[in-house]
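Structure first, commentary second.
Protein chains in written order, with the working numbering: chain A, 1 to 774; chain B, 775 to 941.
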């Protein structure tokens with residue numbers, strides 16, 4: 001095989017880094033527009049209440065106030081991804097504490113906030129639904145009384161009051177298979193609500209021009225999704241909406257749908273002025289999104305030799321007050337619930353339910369961290385019962401390329417075994433495993449492993465590549481860069497495909513008015529999916545370049561080769577060549593017209609095989625290609641304080657091909673640390689429906705002091721045939737494996753199996769005390 | 775409401791006298807009156823460190839300082855560190871290490887580390903950097919690349935060549 005182009009695998013600094021390091025990168029809240037008004041919101045104080053009346057007179061009377069909106073002022077146009085249940089402001093009923101009830105636009109922010117505080121709302125409190133159990137009990141109060149009347153995607157499968165969706169993936173015969181198992185483990189696992197805590201709170205600026213066209217600048221993960229939802233929310237054709245993305249200060253799934261854009265657009269419409277709304281951190285915590293907490297019941301059985309035979313899993317996700325991504329999060333969790341193992345008999349079922357808490361939505365991992373925490377704990381519980389090494393047990397059952405995923409899709413590339421063996425060998429697993437439980441002063445050390453999968457793929461995307469007059473290239477796509485380095489990776493793919501220096505590829509920030517469609521920056525899909533569209537577009541450009549060269553040299557296009565550094569020449573005749581600049585000038589000014597190539601695709605891998613598996617109500621028939629990883633984590637548990645300290649970690653990930661290894665390592669490190677927070681620290685709490693910790697003071701995330709520097713990213717490259725230069729996604733997987741590996745290390749250190757995360761000092765001490773009593 | 779008062783202070787070497795309303799913070803003034811948006815508002819409660827600036831040469835959280843209390847003080851923001859040799863080294867090392875992802879925490883971290891370098895007798899080790907950054911939250915990187923870049927920059931910056939201000 002020909003060697004890779006220079007741009008592929010290069011550790012190039014990101015182009016946006018210089019501005020960010022200078023404080024010159026502009027995020028939405030850094031921007032201002034001439035005549036711009038500032039907005040503030042008033043949130044609900046109750047988890048469930050009817051709005052009897054809203055008195056806005058005092059707010060309107062405040063000098064500087066230009067508009068006050070309540071739900072009653074807005075048209076009844078709901079939106080959603082699967083269930084159309086969302087409105088910009090509460091319409092008649094509030095369903096969680098913090099839900100926006102009214103909004104003010106004023107000349108300055110202080111006035112807007114003062115006016116919002118003057119709005120008087122008369123509520124009739126209703127009985128809130130505050131837990132999964134309460135949502136599903138007989139006679140439960142519906143969170144949405146109007147659920148039946150909402151427009152929704154068909155086949156969500158809900159059966160009971162408050163169910164948003166009910167799904168199943170099953171293969172084989174689970175009930176019969178238990179008889180073939182020598183060991184069966186069973187447990188209930190509980191995972192918490194994690195907040196995204198992107199460092200940039202949500203912000204949007206909206207304005208209408210005199211022709212009635214709306215422009216919205218906002219932190220988002222998809223200009224195209226925001227444009228489509230605004231179209232629905234405001235009853236405007238998409239041709240009248242432009243969505244622009246300034247720098248985004250992190251998102252992690254939390255900015256994947258619309259946030260406050262429809263509300264700000266309504267304020268801009270009624271005032272005729274540009275309007276900016278930036279949430280406070282507390283408002284963002286209370287009114288945006290979070291990871292689904294869940295209860296997972298799992299039973300897994302194996303033969304004495306470690307062959308996995310059967311799994312029965314039932315999960316309930318708390319979707320909160322609005323459906324958002326819940327049906328897809330549920331389905332994706334189930335798709336991952338067999339784990340990366342060839343278990344022949346599986347019954348994987350789940351539900352997502354409404355409660356009167358903040359909406360849950362996509363968050364790095366998308367239903368997978370919840371499931372994998374439970375299932376990977378169970379693999380260790382089995383290893384323990386069988387007296388087998390946890391890594392060996394995983395290797396014995398690991399899926400391989402050519403094998404089938406649950407649902408029937410062929411696994412087209414798989415570096416799982418390499419991830420497991422690399423993580424094992426670089427961590428000194430055997431020695432650490434032997435020394436489990438050793439420590440001084442009440443401290444116990446342990447080491448744990450996890451193996452896991454994810455996908456990259458999903459839905460549609462497109463890109464264009466234009467050759468500029470000097471032979472450099474302009475790449476256009478709508479993959480919003482959230483900080484992960486999408487822009488740089490795609491520019492490198494483009495540079496690689498044209499075999500030119502990456503500095504000769506320009507690409508602009510996502511703008512619905514200027515770049516072709518992309519479904520979203522999410523699902524770990526940008527490098528893989530948008531990268532494929534970029535490859536197609538660059539290939540079309542290469543063909544046109546070859547045609548121009550062939551015409552010039554009077555030879556067949558097939559005799560033309562593209563040479564490194566932006567040249568096209570006759571194969572075997574080094575001196576007969578033209579630069580891209582010469583070719584582009586010919587195209588612009590003499591014949592053929594400017595060179596432009598486009599690429600477009602919808603994820604096109606194998607669909608599920610509905611004859612092989614029972615698949616009920618899953619909203620997609622093909623999801624993506626599979627990616628794999630394995631983590632080894634060494635911890636020390638202080639049995640006096642209950643504190644779990646991560647000492648070292650090795651995180652191995654099969655990325656197919658690392659387009660930019662530095663960026664890949666950045667994803668592995670950052671994802672692992674967010675996953676470590678999920679395991680040990682982070683939990684959004686409510687009491688009687690009231691948020692307990694909606695601030696960075698009370699909701700802690702890890703700081704530099706809390707973590708070791710010994711976190712080692714390991715890149716495994718098992719090229720994916722369909723990927724750009726073999727590349728697959730890496731955004732989400734590093735978070736998925738962290739919590740189970742840490743829990744397995746805690747179990748190794750202490751002999752305690754904690755089935756609830758985060759493993760806070762209180763929970764560890766409680767478990768130690770309970771063990772001492774037994 | 776009480777009226778706004780003019781506060782005379784120096785920002786990045788320039789005398790400014792912005793009007794500060796009651797309760798307005800230094801961060802408010804920098805972002806809305808001085809149009810210096812490099813200092814970020816991540817939490818507005820002094821936890822995240824994204825708003826860190828130098829006040830009379832020491833790192834401080836601008837979201838916690840009342841603007842009125844800054845009269846007569848010298849403020850240096852991330853924008854004011856453009857010619858600073860320590861900041862230049864930090865920027866170079868952080869860019870190379872992939873220590874910048876979303877970038878929202880980055881200005882605060884550069885400002886904080888510049889303060890560390892200025893006061894350090896010798897190149898700070900990883901432990902010192904981690905302690906110093908205890909109040910700067912980064913949600914993207916997991917800190918490893920930031921700390922490693924800072925240690926490298928520190929080796930080049932502090933006490934290693936004559937004329938550098940590490941004493």
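The beta carbon of each residue, even a glycine, is placed where N, CA and C say it ideally should be.
Bounding residues of the beta strand (DSSP E) (the contiguous stretch that carries residue i)
i	result
residue 589 of chain A	Run containing residue 589 of chain A: none in the beta strand (DSSP E); it sits in the alpha helix (DSSP H), 580–589.
residue 79 of chain A	No beta strand (DSSP E) holds residue 79 of chain A; DSSP gives it neither H nor E.
residue 502 of chain A	From DSSP, residue 502 of chain A is part of no beta strand (DSSP E); its letter is neither H nor E.
residue 8 of chain A	Where residue 8 of chain A is concerned, there is no enclosing beta strand (DSSP E), given that its DSSP letter is neither H nor E.
residue 120 of chain A	120–125
residue 53 of chain A	49–55
residue 407 of chain A	Careful: residue 407 of chain A lies outside any beta strand (DSSP E) and carries neither H nor E.
residue 906 of chain B	Premise fails: residue 906 of chain B lies in the alpha helix (DSSP H), 900–906, not in any beta strand (DSSP E).
residue 117 of chain A	No beta strand (DSSP E) holds residue 117 of chain A; the alpha helix (DSSP H) holding it covers 109–117.
residue 167 of chain A	163–171
Contacting residues, own chain, Cβ-Cβ under 6 Å from residue i (five flanking each side not counted)
i	result
residue 642 of chain A	761, 764 and 765
residue 938 of chain B	Because residue 938 of chain B sits at a pLDDT of 45, beneath the cut-off of 50, its placement in the model cannot be relied upon, and the following sentence gives the value as read from the coordinates. Cβ within range, chain order: n/a, list empty.
residue 218 of chain A	28, 204 and 261
residue 471 of chain A	566, 579, 580, 581 and 584
residue 529 of chain A	461
residue 186 of chain A	299
residue 564 of chain A	499
First and last residue of the uninterrupted alpha helix (DSSP H) at residue i
i	result
residue 384 of chain A	368–386
residue 678 of chain A	661–680
residue 742 of chain A	738–750
residue 426 of chain A	416–427
residue 391 of chain A	390–397
residue 764 of chain A	761–773
residue 869 of chain B	859–871
residue 17 of chain A	17–22
residue 922 of chain B	918–931
residue 174 of chain A	174–177
residue 531 of chain A	531–553
residue 826 of chain B	Counting along the chain, residue 826 of chain B falls outside any alpha helix (DSSP H), though it belongs to the beta strand (DSSP E) covering 826–829.
Per DSSP, the bridge partner or partners of residue i
i	result
residue 518 of chain A	A/461
residue 452 of chain A	A/629
residue 776 of chain A	Outside the shown range of chain A (1 to 774) lies residue 776 of chain A, about which nothing can therefore be said.
residue 184 of chain A	A/301
residue 443 of chain A	A/638
residue 597 of chain A	A/465
Beta-carbon contacts of residue i that lie in its chain and below 8 Å, excluding the five residues immediately before and after
i	result
residue 1 of chain A	Here the model assigns residue 1 of chain A a pLDDT of 42, short of 50, so the residue's position is not dependable and the matter cannot be decided.
residue 429 of chain A	391, 423, 447, 449 and 632
residue 788 of chain A	Since the first and last residues shown for chain A are 1 and 774, residue 788 of chain A lies out of range.
residue 770 of chain A	none
residue 267 of chain A	37, 39, 67, 69, 103, 105, 206, 275 and 277
residue 710 of chain A	647, 648 and 649
residue 832 of chain B	889
Spatial neighbours of residue i in its chain, beta-carbon cut-off 7 Å, leaving aside the 5 residues before and after
i	result
residue 21 of chain A	none
residue 936 of chain B	The predicted model places residue 936 of chain B with a pLDDT of 40, which falls under 50 and marks its position as unreliable, so this point remains unresolved.
residue 602 of chain A	459 and 460
residue 616 of chain A	157, 167 and 168
residue 570 of chain A	553, 555, 559, 560 and 576
Runs of alpha helix (DSSP H) lying entirely within the stretch 269–330 of chain A, each at least 4 residues, in chain order:
281–287
Which runs of the beta strand (DSSP E) fall wholly inside the stretch 229–253 of chain A and span at least 3 residues, in chain order?
241–244
If you measure beta-carbon to beta-carbon, which residues of the stretch 867–894 of chain B are closer than 7 Å to chain A?
868, 869, 870, 872, 874, 875, 876, 877, 878, 879, 880, 881 and 884
Report the residues of the stretch 474–503 of chain A with a CB closer than 8 Å to any CB of chain B, ordered along the chain.
482, 483, 484 and 485
What residues in the stretch 239–250 of chain A bring their beta carbon closer than 9 Å to a beta carbon of chain B?
247, 248, 249 and 250
Of all the residues that make up the stretch 174–206 of chain A, which are near chain B by a beta-carbon distance shorter than 9 Å?
196, 197, 198, 199, 200 and 201
Using a Cβ-Cβ cut-off of less than 8 Å, give me the residues of the stretch 915–935 of chain B that come near chain A, in sequence order.
915, 916, 917, 918, 919, 920, 921 and 922
Which residues, taken in chain order from the stretch 10–24 of chain A, show a beta carbon closer than 9 Å to some beta carbon of chain B?
11, 13, 14, 16, 17, 18, 19, 20, 21, 22, 23 and 24
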